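Heads up: the structure comes next, in structure tokens.
Here it is in structure tokens:
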């Protein structure tokens with residue numbers, strides 16, 4: 204280090220004794236250095252002289268603030284960091300306790316929706332499950348009745364699961380969402396959840412006569428996956444119920460499956476109502492047919508059709524028309540009696556006018572009787588024979604891919620690269636979006652912690 | 013003073029008040045030179061309130077004044093940032109307010125101009141050493157920089173001043 208660089212420190216007396224002596228000797232021998240030293244001293248003196256001295260004010264105010272500090276919440280928290288940290292943890296815990304039911308119900312709702320449970324039933328299901336020792340038999344409306352449907356018609360689908368000490372179930376219609384639920388009249392015996400988890404479907408089927416093709420295990424909520432064959436049973440014989448089912452099955456050969464389905468219908472005393480087969484080079488071979496089978500064998504038919512291949516989807520609905528049937532029947536009896544009265548009156552008629560008038564009335568009554576008889580016949584037919592719509596899709600054949608020769612003129616590397624880049628960008632945006640959503644949703648957890656950390660860091664910096 | 017420091021760090025307000033009485037002028041002037049007289053009061057007050065919380069960390073390796081000025085330095089910076097202003101030391105050397113006709117070796121207006129041309133770090137070092145009278149080690153403790161850095165800053169500050177103020181303009185490095 205040169206003498207000049209230490210000259211200022213020498214003038215200020217900030218050098219070590221040895222270095223100061225060294226510099227002093229150098230200055231003594233060099234008039235230029237002496238001149239610089241003199242200039243530095245003069246400069247320092249002038250700087251001090253020119254500087255304004257601030258007049259000291261405000262000491263009383265500071266003393267007052269020191270003696271009587273205002274207790275501010277943040278100041279108090281800053282002074283009591285451990286308490287603040289504890290309060291923060293308690294707040295987070297309380298928030299978690301408050302929000303937990305919401306999260307758990309939403310999670311359960313997602314699960315139930317995933318097994319084709321109607322979303323508006325999810326909350327009800329959650330409520331049922333929270334009842335300790337409660338039954339796990341939950342009637343679930345499968346389909347809303349169409350606007351033009353006959354009055355007093357009840358739709359039903361039901362799901363069976365285990366439940367400790369399940370009481371016997373009595374048919375109790377419940378109105379949910381403007382429609383009636385139907386609870387079957389057969390008795391449900393106790394079926395502990397733990398036992399049901401081992402092989403619930405088989406166990407359940409043995410006990411309640413339910414059909415099952417694949418042995419679906421019960422899920423965590425105690426509800427079996429909704430395969431109609433496993434959850435559907437024949438309704439009580441004294442009720443008039445129209446049963447309909449839709450099932451989509453993936454099979455190796457649609458033609459053979461179609462024939463098989465027809466044979467199933469025939470063997471059960473039913474018949475094939477209509478069918479179609481579509482073989483096209485451009486699409487997967489597809490067959491569809493509608494079969495009618497006796498109502499009490501509906502479950503069996505469904506099970507056997509599902510066994511033809513891999514079930515892709517299924518949906519079973521039921522419509523209780525018992526009340527409608529009874530109303531129509533009663534009305535028919537009344538009209539028959541009325542017609543008989545008119546016949547009697549006709550026999551006793553004296554004038555042409557009376558005869559014409561009575562005949563006219565009798566004709567109207569007979570028309571109504573005919574109409575009601577048709578309705579009764581239709582209801583009887585529909586409830587006696589269930590309808591099953593079956594869709595067969597052919598399983599795509601998996602074979603070695605034959606490499607296609609590319610035409611050099613059709614080299615699409617640029618397009619492929621562009622498409623890949625666009626896809627990558629989209630994925631990146633999706634990823635970022637998911638991250639933002641996660642951050643937002645988890646804000647109640649990390650935000651208070653981040654705020655506390657930020658606050659204490661700020662206080663620490665301020666305090667120096 | 014050690015007893016007051018110990019008591020003040022334990023929350024004794026009277027002990028802190030005694031420290032305020034003793035050190036307020038130096039702390040206030042330090043703050044006023046940086047953020048002006050009005051904000052200087054706030055900065056000084058915040059300095060003592062903050063010092064009460066961090067006095068327990070004072071280990072006695074430096075003087076209490078140095079410790080307090082270190083706190084004040086941070087308070088001034090925070091206050092300046094909060095008020096969107098820059099610490100410039102403009103109020104240290106007021107311009108054009110005096111009619112001094114006395115001939116000096118160094119022209120005062122030239123000196124003012126030269127001082128304002130210094131960088132903030134150099135000006136800060138000059139103010140702390142020449143006006144506030146802090147040693148190199150004390151400045152280093154307040155600014156939390158090595159002592160050698162303070163020496164270097166002062167050397168270069170005076171070199172720059174000499175370049176601007178020397179009559180001949182010939183300054184050798």
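Protein chains in written order, with the working numbering: chain A, 204 to 667; chain B, 13 to 185.
We put the CB at the ideal spot given by N, CA and C, even for glycine.
Just so it is clear, the structure is predicted and the values come from calculations on it, not from any experiment.
{"Query": "So, with DSSP's three-state summary, where would you put residue 220 of chain A?", "Result": "helix"}
{"Query": "Could you give the DSSP three-state label for residue 450 of chain A: helix, strand or coil?", "Result": "strand"}
{"Query": "Quick one, which of B:178, B:26, B:50, B:122 has its alpha-carbon nearest residue 64 of chain B's?", "Result": "B:26"}
{"Query": "Can you check which of these residues, A:260, A:466, A:624, is closest to residue 493 of chain A by C-alpha distance?", "Result": "A:466"}
{"Query": "Is residue 29 of chain B close to chain A, meaning its C-beta is less than 8 angstroms from at least one C-beta of that chain?", "Result": "yes"}
{"Query": "Check for me: the beta strand (DSSP E) holding residue 490 of chain A runs from which residue to which?", "Result": "489-497"}
{"Query": "According to DSSP, is residue 339 of chain A helix, strand or coil?", "Result": "Confidence is the limiting factor: at residue 339 of chain A the pLDDT is only 40, short of 50, which leaves the residue's position unreliable, though a coordinate-based value still follows. Coil."}
{"Query": "Counting pairs of beta carbons, one from the region 523-540 of chain A and one from the region 571-579 of chain A, are three or more of them closer than 8 angstroms?", "Result": "yes"}
{"Query": "Between the region 445-452 of chain A and the region 468-487 of chain A, do at least 3 Cβ pairs fall closer than 8 angstroms?", "Result": "no"}
{"Query": "Just curious, the alpha helix (DSSP H) that residue 619 of chain A is in, first and last residue?", "Result": "616-644"}
{"Query": "Would you list the one or two residues that DSSP bridges to residue 594 of chain A?", "Result": "A:451, A:491"}
{"Query": "Return the residues of the region 27-54 of chain B that lie within a Cβ-Cβ distance of less than 8 angstroms from chain A, sorted by chain order.", "Result": "28, 29, 32, 33, 36, 37, 40, 41, 44, 45, 49, 52, 53"}
{"Query": "Would you tell me roughly how many angstroms separate the C-alpha atoms of residue 30 of chain B and residue 21 of chain B, rounded to the nearest one?", "Result": "13 angstroms"}
{"Query": "Take residue 277 of chain A as the anchor and find which of A:264, A:267, A:266, A:291 has the nearest alpha-carbon.", "Result": "A:291"}
{"Query": "Under a CB-based cut-off of 8 angstroms, is residue 148 of chain B close to chain A?", "Result": "yes"}
{"Query": "In this structure, how does DSSP classify residue 156 of chain B when only helix, strand and coil are distinguished?", "Result": "coil"}
{"Query": "Could you compute how far the alpha carbon of residue 571 of chain A sits from the alpha carbon of residue 564 of chain A?", "Result": "11 angstroms"}
{"Query": "Quick one: using the 10 Å Cβ neighbour count with 16 as the cut-off for buried, is residue 265 of chain A buried or exposed?", "Result": "buried"}
{"Query": "Could you tell me if residue 121 of chain B is buried or exposed, where buried requires 16 or more neighbouring beta carbons within 10 angstroms of its beta carbon?", "Result": "exposed"}
{"Query": "Please list, in chain order, the chain A residues whose beta carbon lies closer than 7 angstroms to that of residue 142 of chain B.", "Result": "247, 250, 251"}
{"Query": "Which chain A residues are close to residue 57 of chain B, counting only those with a beta carbon under 9 angstroms from its beta carbon?", "Result": "261, 264, 265, 268, 269"}
{"Query": "If the criterion is Cβ atoms closer than 8 angstroms, does the pair residue 470 of chain A and residue 491 of chain A meet it?", "Result": "no"}
{"Query": "Would DSSP call residue 546 of chain A helix, strand or coil?", "Result": "helix"}
{"Query": "So, with DSSP's three-state summary, where would you put residue 173 of chain B?", "Result": "helix"}
{"Query": "When you compare each of A:566, A:559, A:596, A:500 to residue 590 of chain A by their alpha carbons, which one comes out closest?", "Result": "A:500"}
{"Query": "Quick one: residues in its chain with C-beta nearer than 7 angstroms to the C-beta of residue 335 of chain A, no 5 flanking neighbours on either side, listed in chain order?", "Result": "Because the pLDDT of residue 335 of chain A is 39, which lies under 50, any placement of that residue in the model is unreliable, and the question is left without a value."}
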